[in-house]
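Here is the structure we will look at.
In our numbering, the protein residues as written are 138 to 330.
This is the structure we're talking about:
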């Protein structure tokens, strides 16, 4: 069979067998055999290159990593025991090192607004538990009339009254008395008093 232009067209020579199966011509079989051999050689070369590079890397790169002091320190830190048994009267090197490394925390003085936002605002923003709301002059006036010392005492020690409940130190034991005083001054100033 020829193409319309007149050039020969490659044809696959398939012969029908009596059982309906197809048989490939000898020329096509020879091509497939040669193709499989070339493919097998390429796969073998690829595997050989991989094995060679892996063994080369293991001989050079792996040795340098394992011998590196930083790597050895990381390994010993990972496999070090979590705790240590120290009998009474014995001092541990780790305990001494931990005592030396302990640093005193730095105290930061908070402004009245910061204390309000971190602790007081939870109740005084919405008036929860009878708390006077921020900016409400009427609610704060009755408390200021009792005196600032009484107001501060109730804020530090806590107070249960007819109007509501004030937890000691505003429910935040981490606050100092001075932090609470600054928060009270801030809330009274916001009420315009």
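Cβ atoms here follow ideal geometry from the backbone N, Cα and C, with glycine treated the same way.
- Here residue 324 is buried: its Cβ has 16 or more other Cβ atoms, across all protein chains shown, within 10 Å.
- Put simply, of 295, 257 and 327 the residue whose alpha carbon is nearest the alpha carbon of residue 278 is 327.
- The Cβ atoms of residue 312 and residue 252 sit closer than 8 Å to each other.
- DSSP, reduced to helix, strand and coil, places residue 297 within a strand of the structure shown.
- If the five residues before and after residue 302 are omitted, its C-beta is found closer than 7 Å to the C-beta atoms of 266 and 267, all from its own chain and listed in chain order.
- Assigned with DSSP and collapsed to three states, residue 285 falls in helix.
- Taking C-alpha positions only, residue 171 is separated from residue 204 by approximately 49 Å.
- Residue pairing by DSSP puts residue 303 in a beta bridge opposite 296.
- Annotated three-state conformation of residue 265 is helix, per DSSP.
- Between residue 276 and residue 329, the alpha-carbon positions lie close to 12 Å from each other.
- Pairing residue 314 with residue 224, the inter-Cα distance amounts to about 41 Å.
- About 13 Å separates the CB atoms of residue 304 and residue 298; that is not less than 8 Å, and the two are not in contact.
- By the criterion of a C-beta distance shorter than 8 Å, residue 187 is surrounded by no residue of its chain, once the five residues flanking it on both sides are discounted.
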